[in-house]
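Numbering (our numbering), first residue to last: 446 to 812.
Built from N, CA and C at the ideal position, the CB exists for glycine as well.
Dropping the structure here:
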């Protein structure tokens, strides 16, 4: 059994999207899993919680990468050496560096070389010299406009790693104990006993990806008017937002769940309403349909929820398209503010009925 380091250094959602590639590396070079690997996942602080839940991962090591994390920590000799020493002491033999189109694997590849890693695989538009043993060229070896899951699997396969026969290639997380006194199982059971529910998750890490709070609140009222029970979720810093969205009658879990508990709540939901944010991918990982309010600052074909029934809302041809803006550059945030609460409710009803719209399929999978 080899020890292989797989790196995905950015957000929780990106780590979740790497799940199938991690399972491929863990499975090894044969589809029957007869040559499994011991996988060490190197991730950033934002991705650590998700990393702990991914099948196939033996060990998680968190490192605040100075060219990925925002705001960036100082690139000191001490912090660089800490990674090199960890890799050396962990007996890492091979590495697979998973990146998105705007990221380079080369700085990390250099550090891994200094740590003695003998085989490194990654995708780079830039000349890699001796830093990569297996180099894929985006645009030549694979198209950029494809789901991030497929991109990561392609990089893993180039390194010689394939999914086990029977693996569906979708997002998955492991079940496990919840460290909070009121754990995932008890909260999910409580919600389920009260009847079917819709989750509305209004928060987003970047303002450019957020649907207006009052639009969310109006959607909650409409969903309740249609007879749906609504649960509103959010992180510790979003309690004011979730209180506004939940109003007087929806269940407000803002600030009240860790990642494991949130996964259980999302798994029990009939549909999840959210933006392009980590919980959209967490919902996909537990198999729950998603209404995704998706700002086109990044391409939906790459980062839309993967492998579950989905409705994609938002003007994908708006002026902010592909800008990667964190704050909307267009007054009024028209790509998302133009989406009416009634449209979200209609999308929820379509998913509940088992029929996704043709417009979503065109937006995400158009040739």
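Contact under 9 Å by Cβ, residue i with residue j
{"i": "residue 486", "j": "residue 504", "result": "yes"}
{"i": "residue 443", "j": "residue 521", "result": "Since the first and last residues shown for the chain are 446 and 812, residue 443 lies out of range."}
{"i": "residue 719", "j": "residue 607", "result": "no"}
{"i": "residue 651", "j": "residue 544", "result": "no"}
{"i": "residue 455", "j": "residue 491", "result": "yes"}
{"i": "residue 714", "j": "residue 616", "result": "no"}
{"i": "residue 734", "j": "residue 710", "result": "no"}
{"i": "residue 609", "j": "residue 477", "result": "yes"}
{"i": "residue 664", "j": "residue 789", "result": "yes"}
{"i": "residue 481", "j": "residue 473", "result": "yes"}
{"i": "residue 742", "j": "residue 708", "result": "no"}
{"i": "residue 679", "j": "residue 641", "result": "no"}
{"i": "residue 643", "j": "residue 495", "result": "no"}
{"i": "residue 738", "j": "residue 759", "result": "yes"}
{"i": "residue 762", "j": "residue 731", "result": "no"}
{"i": "residue 488", "j": "residue 512", "result": "no"}
{"i": "residue 727", "j": "residue 524", "result": "no"}
{"i": "residue 705", "j": "residue 636", "result": "no"}
{"i": "residue 557", "j": "residue 537", "result": "yes"}
{"i": "residue 589", "j": "residue 747", "result": "yes"}
{"i": "residue 562", "j": "residue 463", "result": "no"}
{"i": "residue 510", "j": "residue 553", "result": "yes"}
In DSSP terms, what residue i is bridged to
{"i": "residue 447", "result": "482"}
{"i": "residue 697", "result": "677"}
{"i": "residue 488", "result": "453 and 507"}
{"i": "residue 765", "result": "In DSSP, residue 765 forms no bridge with anything."}
{"i": "residue 738", "result": "720 and 758"}
{"i": "residue 473", "result": "480"}
Residue i: first and last residue of the uninterrupted beta strand (DSSP E) it sits in
{"i": "residue 539", "result": "539–542"}
{"i": "residue 523", "result": "Here residue 523 belongs to no beta strand (DSSP E); instead the alpha helix (DSSP H) covers 522–534."}
{"i": "residue 567", "result": "564–568"}
Enclosing alpha helix (DSSP H) for residue i [first to last residue]
{"i": "residue 643", "result": "Segment 642–646 is the beta strand (DSSP E) holding residue 643; no alpha helix (DSSP H) there."}
{"i": "residue 791", "result": "786–797"}
{"i": "residue 595", "result": "593–603"}
{"i": "residue 611", "result": "Element bounds for residue 611: n/a, residue is neither H nor E."}
{"i": "residue 665", "result": "658–670"}
{"i": "residue 690", "result": "684–691"}
{"i": "residue 558", "result": "551–559"}
{"i": "residue 706", "result": "704–713"}
Residue i - DSSP class collapsed to helix/strand/coil
{"i": "residue 546", "result": "coil"}
{"i": "residue 812", "result": "Low confidence applies to residue 812: its pLDDT is 37, below 50, so where it sits in the model is not reliable, and the reading given next is rough at best. If DSSP states are grouped into helix, strand and coil, residue 812 belongs with coil."}
{"i": "residue 780", "result": "helix"}
{"i": "residue 498", "result": "coil"}
{"i": "residue 452", "result": "strand"}
{"i": "residue 579", "result": "strand"}
{"i": "residue 464", "result": "helix"}
{"i": "residue 752", "result": "coil"}
{"i": "residue 626", "result": "Note that residue 626 has pLDDT 49, beneath the 50 cutoff, so the model's placement of it is unreliable and no number is given."}
heavy atom of the ligand PLP below 8 Å from residue i C-beta
{"i": "residue 675", "result": "Among the ligands in the structure shown, none appear at all, so the ligand PLP cannot be discussed."}
Any C-beta of chain C under 9 Å from that of residue i
{"i": "residue 790", "result": "Although the question refers to chain C, the structure presented lacks it and comprises just one protein chain."}
Exercise. Between the segment 450–458 and the segment 530–546, do at least 3 Cβ pairs fall closer than 8 Å?
Worked result: yes
Exercise. Are at least three pairs of beta-carbons, each pair with one atom in the segment 552–571 and one in the segment 599–607, less than 8 Å apart?
Worked result: yes
Problem set entry | Validate contact between the segment 745–758 and the segment 668–682 using beta carbons, cut 8 Å, 3 pairs | no
Exercise. Do three or more CB pairs link the segment 684–691 to the segment 575–583 at distances below 8 Å?
Worked result: no
Problem set entry | Three-pair Cβ contact test at 8 Å for the segment 467–481 versus the segment 754–768 | no
For this session: Check whether the segment 653–668 touches the segment 774–782, taking contact to mean three or more Cβ pairs, one atom from each stretch, closer than 8 Å.
Result: yes
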